[in-house]
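Quick notes on the structure that follows.
Protein chains in written order, with the working numbering: chain H, 30 to 718; chain P, 2 to 586.
Here is the structure:
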């Protein structure tokens, strides 16, 4: 037998999904993540799979065709600021651009807010005389001696990675390319990141920030990936090892090792891709994905089968401007702590109890009430079945925490306080759903909400009502969706290139030349990654009205590789319409400004066949295993039937209020809601708004 | 439902209500933020999308600001809205949009446009949606309405008393035409108005959606709940301060019109949980553009209070109930009678803020240093083009002062709402080259915690430019605190190709100054605590990072760093610091 595996290493658990190529059988599972040791966590996941099939790890690895990883190495490196010693060579006179941050501060009035941790210390930021102007003309040649001296100094200081970012390198990369040659002459082992390759886009702060994050994280990621690969080979693995990218695609190790910044959302993007594919399989191309974990709630809008692309991401206070899936994160999760502020208002978060000490009900030392404690008290979670029964929760401890920290100070009952926690947390999550839809010109009523993560399906029914969503989707594999995404993702490379010109002065030959160059580079990278089937090309132009700072990403609808005048005119018309949708007005009489070209090359991987079962009858009585009190908005604490998810069959109907227990996921079906398992292992919950 | 559950439900009413109102408070605030985001994305003006010199908000029927994205404009939005509501007390209709820009009618400067739109639900007036924004020009002597030589407000531009731009949903074309005719850049005004109107539309739509979900009764109640909540939080903070009467003053160096210094004086009274700030002892108003309207004064005076209560407490009318700001008319802090006010957001706004910092330092136990820094007004234009205006002052980047326990970083909080332009985008559109934008060595205000270093900008100038200038910070940089040193002085040099520097006056309009290179350096942040108490390791780090020289480390911080700049000479440092103690004893 042969396997393909998707593995996602999270903060608490390592999730995995394996599919057998011979019969399409799926197996999913979770193993605890070993802190600071992703490789062992991954091997433990392989062992869990081997145990399931009563086989040896070596046999399983020898039979595994592909492993796709979702990794948190880059994210954690930035969160912990544990990257490698990194230097920067930049245009002389501009080494503080990264500290100036275009004047941005996260808070106007928090005067105790520390400066961002310098991932490149000022002493390691070196200036070199050179200058290119905005047309690409060389105003001052590169002073190679200064570059050489800077490299020697950085080497002597122990830097093992050097970023190079010169002004206007996105129009003329010659100086950066020459700087790399000098660096490698002086320091052959040095890891070099050029801004003209990482982000060939105007705006020096965004470019230098993205480039130094790449320089700071990639060597560590590279070391980890190659060690992992060697360890897997030692254990018998002979297949291909791929890594989930932040753009929702996968790439090989060599690409990933030199493009750490592209793997910053490696895990979450897997979840979005799986949600997108599963949604499509069940007939939904417009969905909002909502992943609720212990500390965060990640949402992403998928329109017409394509996730939105993000343009304004920050990670650990550093700007990342490479194309990423537009995953909007808020600090609301099961571990979010509820508290009373000095104005007497109940608040939830942003402080989180995390996994340790965790919510009060974990009995790990946490005493303050959290969203999970409220979910337990309100009857949504079965204390004996948490994490598939691996952990028993203490309801009394949860009640005590809510009573002491909230109910008494607010002079309300413990239950009222628990309901309050739930309502306020749900409001924050509904606001996140609104942010990715309504505030971007999308009507949430046109989208289904796909809830995943351990606790996502507990409150999705409330959020859907709040924002007017009519359908909720909960895949049976909700708890391992990021890992599943690895199996479902295609090879994908995203390129961007600044191309600034007024729409009435566009030279289509130049525009096509730029797209062709981007295409060739991306094709080369895909070929190196072993992506060998047909290539799908998507092109976009970022357009704005003169004077604006925010562009609209407009797809080019073209059947050929060349952008024709008709294609371009249509893109312009689409821009005006999109602008009106997003911002309430358009000015079709005014020339627009082309700012950036985007290109996305996708090579499809072999589709895994998703299991499908025939419909059975409507009754779900056979799966009802009991009842318990749960709080349902509008009804209060009521007796809710409990259903054993694995006993349900496609076509079975469950009318709310009810609770369905899947091994790792709890689904609450609220009043005036109806759930049905479809033939693709997806719970489809219809909501009466 | 069981009896127990019935009891739960009965008891639930009160708490569910307050939690529901709290949820609505957040939702209403979120609407003001979404309006702001929409305005930034849609606008085609640097004043909006880079300077972020605007405010979006929701105002109740009485003119109280319930939610606002920009706390700096709380006073202005409140006073403008109240004036407009009063003016159209019996003539506000569904679909109307009222416009006002008169500094004497609750406004701030002639270039600050306020649009107010009433929201009617079922034929009843529920609230108002408000947008304020600075626009680039509305007449006056020079483009941009920042005219150091202005003797009266008409030198800065045309003020408009409240007028309807839209009447019952239809644009009032003659009024809009009049507005556009009074600007050198009518197209900019047109696009700004389009973005502002779209933002009002969005705000109204969102509130209507909220009412659709929660009902008019709950939304109406949440308005007063929001005001009460903020008032409660602010009063809780003030109640912890020492009761009493505190006075402070702050002087600006240059009023731009040759009148020299001007002093802002505040009398602060803490009574229980109420703070009164009275500026009536400030200097008399003058024919200079540093005068401030009461609205500007309120905004600037509230900054230190907001820094104390923290960003967790959003500014709204509740804040104004707990903190009363007043000033007798005819003072530089409450200008009347059509005197100019164009530069007031910078000066005397900074002096208003700093005087309150100094007063509150005596009672509120502030742990932060100066919130402001001197600003330099610096525009240029080609001799041949009166319409043109290039803001070079944008590269005059002040540093934040230190706080107890923290070195300063970035710009002072109060002005860090704006975004600095990208150098590459700026050069691409202006065709002027920036040669350097980097910290200057030995520039931070020294202290146990040091200020942000000064940013030095060198700009290559094209020939034949006329400069409009008003300088501040030539005698005193951003103030130091608790024994910390002040930030460095501001510098403005225009240097010829042969290296000679021209004399630059403190203020002037359309000055022909020849030169090849303009060098601009605004005050660094002030230090907090005595420099001799700074940890030697921190001084060494600054030396290694090129922010402090070895010589300054010894002279200012009394830390002896080895000649290669890599280590501390502990014995020599101990000796230096001991000598210092003797001297201070």
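C-beta atoms are modelled at their ideal positions from N, C-alpha and C, and glycine is treated no differently.
Straight-line Cα distance separating residue j from residue i
{"i": "residue 186 of chain H", "j": "residue 195 of chain H", "result": "22 Å"}
{"i": "residue 482 of chain H", "j": "residue 300 of chain H", "result": "9 Å"}
{"i": "residue 557 of chain P", "j": "residue 484 of chain P", "result": "13 Å"}
{"i": "residue 390 of chain P", "j": "residue 521 of chain P", "result": "18 Å"}
{"i": "residue 643 of chain H", "j": "residue 680 of chain H", "result": "8 Å"}
{"i": "residue 628 of chain H", "j": "residue 694 of chain H", "result": "38 Å"}
{"i": "residue 21 of chain P", "j": "residue 222 of chain P", "result": "10 Å"}
{"i": "residue 539 of chain H", "j": "residue 123 of chain H", "result": "31 Å"}
{"i": "residue 59 of chain P", "j": "residue 522 of chain H", "result": "45 Å"}
{"i": "residue 309 of chain H", "j": "residue 631 of chain H", "result": "18 Å"}
{"i": "residue 436 of chain H", "j": "residue 320 of chain H", "result": "29 Å"}
{"i": "residue 598 of chain H", "j": "residue 616 of chain H", "result": "15 Å"}
Proximity to residue i [Cα-Cα], best of the options
{"i": "residue 419 of chain H", "options": "H:31, H:563 and H:60", "result": "H:60"}
{"i": "residue 335 of chain H", "options": "H:307, H:325, H:320 and H:322", "result": "H:307"}
{"i": "residue 408 of chain P", "options": "H:35, H:141, H:57 and H:31", "result": "H:141"}
{"i": "residue 560 of chain H", "options": "H:214, H:190 and H:280", "result": "H:280"}
{"i": "residue 128 of chain P", "options": "P:105, P:75 and P:67", "result": "P:67"}
{"i": "residue 447 of chain P", "options": "P:115, P:531 and P:309", "result": "P:531"}
{"i": "residue 527 of chain P", "options": "P:167, P:371 and P:460", "result": "P:371"}
{"i": "residue 316 of chain H", "options": "H:446, H:465, H:286 and H:449", "result": "H:465"}
{"i": "residue 570 of chain P", "options": "P:576, P:562 and P:577", "result": "P:562"}
{"i": "residue 455 of chain P", "options": "P:467, P:482 and P:492", "result": "P:492"}
{"i": "residue 240 of chain P", "options": "P:192, P:324 and P:99", "result": "P:324"}
Per-residue burial, residue i [other beta carbons within 10 Å of its own, 16 or more giving buried]
{"i": "residue 273 of chain P", "result": "exposed"}
{"i": "residue 230 of chain H", "result": "buried"}
{"i": "residue 312 of chain H", "result": "exposed"}
{"i": "residue 524 of chain H", "result": "buried"}
{"i": "residue 565 of chain H", "result": "exposed"}
{"i": "residue 291 of chain H", "result": "buried"}
{"i": "residue 97 of chain H", "result": "buried"}
{"i": "residue 297 of chain H", "result": "buried"}
{"i": "residue 260 of chain P", "result": "exposed"}
{"i": "residue 605 of chain H", "result": "buried"}
{"i": "residue 648 of chain H", "result": "exposed"}
{"i": "residue 586 of chain P", "result": "In this predicted model, residue 586 of chain P has a pLDDT of only 41, less than 50, meaning its place in the structure is not dependable; the value taken from the coordinates is given anyway. Residue 586 of chain P comes out exposed."}
{"i": "residue 186 of chain P", "result": "buried"}
{"i": "residue 91 of chain P", "result": "exposed"}
{"i": "residue 657 of chain H", "result": "exposed"}
Residue-level contact to chain C via CB, residue i, 7 Å cutoff
{"i": "residue 423 of chain P", "result": "Reference to chain C is not applicable here, since the protein chains of this structure are H and P."}
Residues within the region 81-97 of chain H neighbouring chain P, beta-carbon criterion of under 8 Å:
none
Please list the residues of the region 573-604 of chain H that have a C-beta atom closer than 7 Å to any C-beta atom in chain P, keeping them in chain order.
574, 575, 576, 577, 578 and 579
When you check each C-beta in the region 542-570 of chain P against every C-beta of chain H, which residues fall closer than 8 Å?
Considering only beta carbons, the part of the region 542-570 of chain P lying closer than 8 Å to chain H consists of 545, 546, 547 and 548, in chain order.
Considering only residues of the region 655-700 of chain H, which uninterrupted beta strand (DSSP E) runs meet the minimum length of 3 residues and lie entirely inside it, listed in chain order?
665-673, 682-684, 687-690 and 695-698
Output, in sequence order along the chain, the residues in the region 315-330 of chain H whose CB is closer than 9 Å to any CB in chain P.
none
Of all the residues that make up the region 388-409 of chain P, which are near chain H by a beta-carbon distance shorter than 8 Å?
398, 404, 406, 407 and 408
Residues of the region 40-64 of chain P with Cβ closer than 8 Å to any Cβ of chain H, in chain order:
41, 42, 43, 44, 45, 46, 47, 50 and 51
Which full runs of the alpha helix (DSSP H) of 4+ residues lie inside the region 123-193 of chain H, going along the chain?
126-129 and 173-186
May I have a chain-ordered list of the beta strand (DSSP E) segments no shorter than 3 residues that lie completely inside the region 234-261 of chain P?
245-253
Determine which residues of the region 216-246 of chain P have a Cβ less than 8 Å from any Cβ of chain H, and write them out in chain order.
230, 231, 233, 234, 237 and 238
Complete beta strand (DSSP E) runs within the region 74-144 of chain P (minimum length 3 residues, chain order):
With a minimum length of 3 residues, the continuous beta strand (DSSP E) runs that stay inside the region 74-144 of chain P are 98-101, 113-122 and 125-135.
Residues within the region 455-473 of chain P neighbouring chain H, beta-carbon criterion of under 8 Å:
456 and 459
What runs of the beta strand (DSSP E), each 3 residues or longer, lie entirely inside the region 318-382 of chain H?
Runs of the beta strand (DSSP E) inside the region 318-382 of chain H: 326-332, 342-344, 347-349, 357-359, 365-369 and 375-381.
Quick one, which residues of the region 194-217 of chain P are near chain H if we go by CB-CB under 7 Å, in chain order?
Look at the region 194-217 of chain P: the residues with a C-beta under 7 Å from a C-beta of chain H are 195, 199, 202 and 203.
Along the chain, which unbroken stretches of the alpha helix (DSSP H) at least 4 residues long are found entirely within the region 422-475 of chain P?
424-431
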